[in-house]
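Take any residue in the sequence shown, count from 1 to its spot, add 680: that is its number in the working numbering. The next block holds one structure in the form of structure tokens; read it before the comments.
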Amino acid sequence: MDFVVTGCAGFVGARVCEMLLERGDRVAGMDNLNDAYDPALKEKRLRNLFSSDRFIFEKTDIADSGAVANFFAGMRGFSPKAVINLAARAGVRRSAEIPAEYYKTNVLGTLNLLEACRENGTEKFVFISSSSVYGNGRLPLAEAVSETDKPLSPYAASKSAGEGLCHSYHKLFGIDVSALRYFTVYGPAGRPDMSVFRFVRAVAEGNEIVLYGDGTQSRDFTFVDDAARATLLSVKNVGFEQINIAGGNVVSLNEIIALIEDGLSKKAVVRKEPMNPADSKATAADISKAEKILGWEPQTDIKKGVKSCIDWYLENREWASRLEMPEV
């Protein structure tokens, strides 16, 4: 089968592409290769994907409607079963500094892709949303009962708006939509702005960890392979569904640091800063809907997942230690 994957050079996007290619599918990838974090990591992921002759790529910004239209027009002999939209500006804190960039990619970009689906007869759209749409809702966070109208950041608001656009295109044009609310995805070759990558590198190199808050704030950590598997399963026809994708690993940032210290046999140096108001205090997901609709459940516990991140960093230390670290 043929698939369009946006954000194909990103952390989860590249893993989704790898899984599609491994099972014999063809993938047309688009990514604007922006500098939200060091492009060297994105370029490395792309090189891995180019090892398959069933992968094609075009540098494309989904916020540019003309470029998106040209991308679809140029796919001769390619009939996508679905568009999987993993392209996004991510990170709640950064979104408060450049909200317009988040709006352009996460809202306008989603609209452009939905229009491309409508115009080209692609009947399935997978939208990657976020647990941030829940704000500081009551735990466990469940799709049907938890509020999503009190976002804490422009990023959260942009993801909520994207879900709204998806619903309207489902109702008006019959596009089948799976809106997946990812919860804190981590794993090898992860985003350098995310806590696990930052903490592993800091401890390994003897550098200071900057921790926003007292470290007791918790997250439902989801291993990248589990998130990617859920994404592939979500290509099925569901009508319109919003679905939590979470790893069932609800642990504090202090516990993550302790796991990294144990894995590296080194003590972390931690400097605490005030918690950012854009950050939620805790997340924990009800994933019963994913189990029922997708037949999915997470397979990787937090100890195994963090160990794989440490192992990857040590194996790639020569260049990973030189990656430019973005502001968080």
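Note that beta-carbon positions come from the ideal geometry of N, C-alpha and C, so glycine has one too. Note that this is a predicted model, so its numbers are computed, not measured.
Item	Value
If you measure between the beta carbons of Ile736 and Ala762, is that distance less than 8 angstroms?	no
So, at 7 angstroms on beta carbons, what are the nonlocal neighbours of Lys833 in its own chain, with the 5 sequence-adjacent residues on each side left out?	For clarity, residue 833 is Ser in the given sequence; the question names Lys instead. Cβ within range, chain order: Val772, Ser775, Ala776, Ser812 and Ala958.
If you compare alpha carbons, which of Ala749, Val986 and Val685 is closest to Leu1010?	An answer regarding residue 1010 cannot be provided, because it is not within the stretch 681 to 1008 covered by the chain.
Give the DSSP-derived three-state secondary structure of Ser745 in the structure shown.	helix
Just mark Gly1012 as buried or exposed, buried being the case when its beta carbon has 16 or more other beta carbons within 10 Å.	The shown model of the chain, from 681 to 1008, leaves out residue 1012, and the question about it has no answer.
Check whether the segment 804-811 touches the segment 740-748, counting contact only when three or more Cβ pairs, one atom from each stretch, lie closer than 8 angstroms.	no
Is Asp900 near Asn929, with beta carbons less than 8 angstroms apart?	yes
Are the CB atoms of Phe920 and Val857 nearer to each other than 8 angstroms?	yes
Which runs of the beta strand (DSSP E), 3 residues or longer, sit entirely within the segment 820-902?	856-862 and 888-892
Three or more C-beta pairs under 8 angstroms: does that hold for the segment 834-852 against the segment 786-796?	yes
Comparing alpha-carbon positions, which option in Tyr782, Tyr814 and Leu819 lies nearest Ala827?	Here residue 827 turns out to be Glu, not Ala, going by the sequence shown. The shortest Cα separation from Glu827 among Tyr782, Tyr814 and Leu819 belongs to Tyr814.
Can you tell me whether Asn728 is helix, strand or coil according to DSSP?	helix
Mind checking whether Asp981 and Asn924 have CB atoms under 8 angstroms apart?	no
Taking the beta carbon of Trp999 as the centre, do at least 16 other beta carbons fall within 10 Å, making it buried, or is it exposed?	exposed
May I ask you to report which of helix, strand or coil DSSP gives Arg703?	coil
Under the rule that 16 or more other beta-carbon atoms within 10 Å means buried, what is Val890, buried or exposed?	exposed
Quick one: is Lys722 buried, meaning 16 or more other Cβ sit within 10 Å of its Cβ, or exposed?	buried
Look at the alpha carbon of Val915 and the alpha carbon of Phe877, and state the distance between them as a whole number of angstroms.	29 angstroms
What first and last residue would you give for the alpha helix (DSSP H) that runs through Pro779?	Pro779 to Tyr783
Identify whether Asn956 lies in helix, strand or coil by the three-state DSSP scheme.	coil
Along the chain, where does the beta strand (DSSP E) that runs through Ser809 open and close?	Lys804 to Ser810
At the level of alpha carbons, what is the spacing between Asp905 and Arg756?	31 angstroms
Quick one: measure Cβ to Cβ for Asp741 and Leu1003, integer angstroms, because I've assumed they're closer than 8 angstroms.	Not really, about 23 angstroms apart at Cβ, beyond 8 angstroms.
Could you please give the first and the last residue of the uninterrupted beta strand (DSSP E) stretch that includes Lys739?	Phe735 to Lys739
Apart from the five residues on each side of it in sequence, which residues of its chain come closer than 6 angstroms, Cβ to Cβ, to Leu729?	Cys697 and Phe735
What is the DSSP secondary structure of Thr686, reduced to helix, strand or coil?	strand
Using the DSSP secondary-structure output, state which residues sit across from Gln922 in a beta bridge.	Ala859
What span of residues does the beta strand (DSSP E) with Lys761 cover, start to end?	Pro760 to Asn765
So Arg871 packs on Phe691, CB below 8 angstroms; how close in whole Å?	5 angstroms
Whole angstroms is fine: what's the gap from Val950's alpha carbon to Glu888's?	6 angstroms
From which residue to which residue does the alpha helix (DSSP H) around Asn800 run?	Gly789 to Asn800
Looking only at DSSP bridge pairs, what is Met681 linked to?	Answer by DSSP bridge pairing: none, since Met681 is not bridged.
In whole angstroms, what separates the C-alpha of Ala970 from that of Leu821?	13 angstroms
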